[in-house]
Structure formats: C-alpha cells, structure tokens
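First comes the structure, then the notes that go with it.
The structure is reproduced here in structure tokens:
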C-alpha cells in the first residue's frame, strides 16, 4: 500500500461513517410473533426500545414484511432526556402469512404509516424482539417458579439477633486473652 494512501485511509473511513450517519442509515430489528391456532389473523402488540438519539420521532419507524409496509398503530411512547424516543408501544395486524417475518426499520430517511387504531377480532397476542438478526425459535413451556414476598412489621428488630453471636465471640476471645495473660 502506498504511504500516502495509508495516511488517508483512517480519514476516508471516518468520512464514510459520517456519511452513513448523515444519510440516515436504516437500522433493523426482527419482530417475532405467533398467530394462535385456528385463526388467520391477530392483533399483535408489544414494545420496541431504542438507544438515545436513535429514533427522533415515531414517524421515522415502519414495519416491513417482504418489502412492503405493514400498517402499525403507535399506542404509547416514552422519551429520552434529549427528546428522542426511548420506548414505543406498537400494534399491527399479523397474519399466518407474515408470521415471524416482520421487521422494524427506523432512521432519519424512513417514513411510516401509523393509523389511529387497528380493528382485529379476538384476543391480542404479544410480540418478542431480539437484537440479533437471527430467526430464534422458542419451544416448550418452562415454568420457573413462584416468588413469595412477605413484609414484616418489625424487620429491623431481627438484625439485633446478630448481636448475640457477636457478643459471644467477643466474650470468648476476651476470656481466652485473659487466661493466656495469667500464665
């Protein structure tokens, strides 16, 4: 490699990265859902989270399936300190044909359609979002367990029970020191 080109390579790389950011690079994330058996379509809903500054407005988000946009309704949003979007609650109509093939795309150059509300009969289903662009299939039903929390009225008093073993240890050490000095 020529010495002049070697010096220019870091600057060219930085310029290319800046052009990608300035050009509104499109980011993608897969949305995975399952339509219940016996139904051809379902209202699919869930939340999408974004890093600070990544999504300026819900208008810059669209859901895409096989190159065409899936109409989605934004039902709620939470903002970061810089007024960019942190969390969006999204609903869309999922069918057996689009199952596990919907992608969320966002960026400055993206413009999505978000109607006020979507009407689909039946109980809504939730979608899952994975950061990796892989087709992850979760099978089985894992039952972890139950966590029971009991609040005690006098929880602070129980800490005083630790004083008894500490007092015994200090007492025995003092007694031992006393016996060793007598010899």
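Numbering (my numbering), first residue to last: 1279 to 1461.
Beta carbons: idealized from backbone N, C-alpha and C, even for Gly.
Can you give the Cα-Cα distance for residue i and residue j, rounded to whole angstroms?
i: residue 1350; j: residue 1337; result: 11 Å
i: residue 1223; j: residue 1450; result: Only positions 1279 to 1461 of the chain appear in the structure, and residue 1223 is not among them; the question remains open.
i: residue 1406; j: residue 1321; result: 14 Å
i: residue 1460; j: residue 1448; result: 19 Å
i: residue 1372; j: residue 1332; result: 26 Å
i: residue 1402; j: residue 1443; result: 57 Å
i: residue 1425; j: residue 1307; result: 33 Å
i: residue 1325; j: residue 1427; result: 28 Å
When you compare the CB positions of residue i and residue j, do they come within less than 9 Å of one another, or not?
i: residue 1363; j: residue 1311; result: no
i: residue 1339; j: residue 1354; result: no
i: residue 1342; j: residue 1383; result: yes
Identify every residue that forms a DSSP beta bridge with residue i.
i: residue 1356; result: 1365
i: residue 1404; result: 1323
i: residue 1383; result: 1306, 1340
Can you tell me the Cβ-Cβ gap for residue i and residue j, rounded? I've got them flagged as a contact below 8 Å.
i: residue 1367; j: residue 1318; result: That pair is no contact at about 24 Å.
i: residue 1390; j: residue 1304; result: Not really, about 12 Å apart at Cβ, beyond 8 Å.
i: residue 1404; j: residue 1323; result: 6 Å
Where in the stretch 1303 to 1351 do unbroken runs of the alpha helix (DSSP H), each at least 4 residues long, occur, reported from the N-terminal end onward? none
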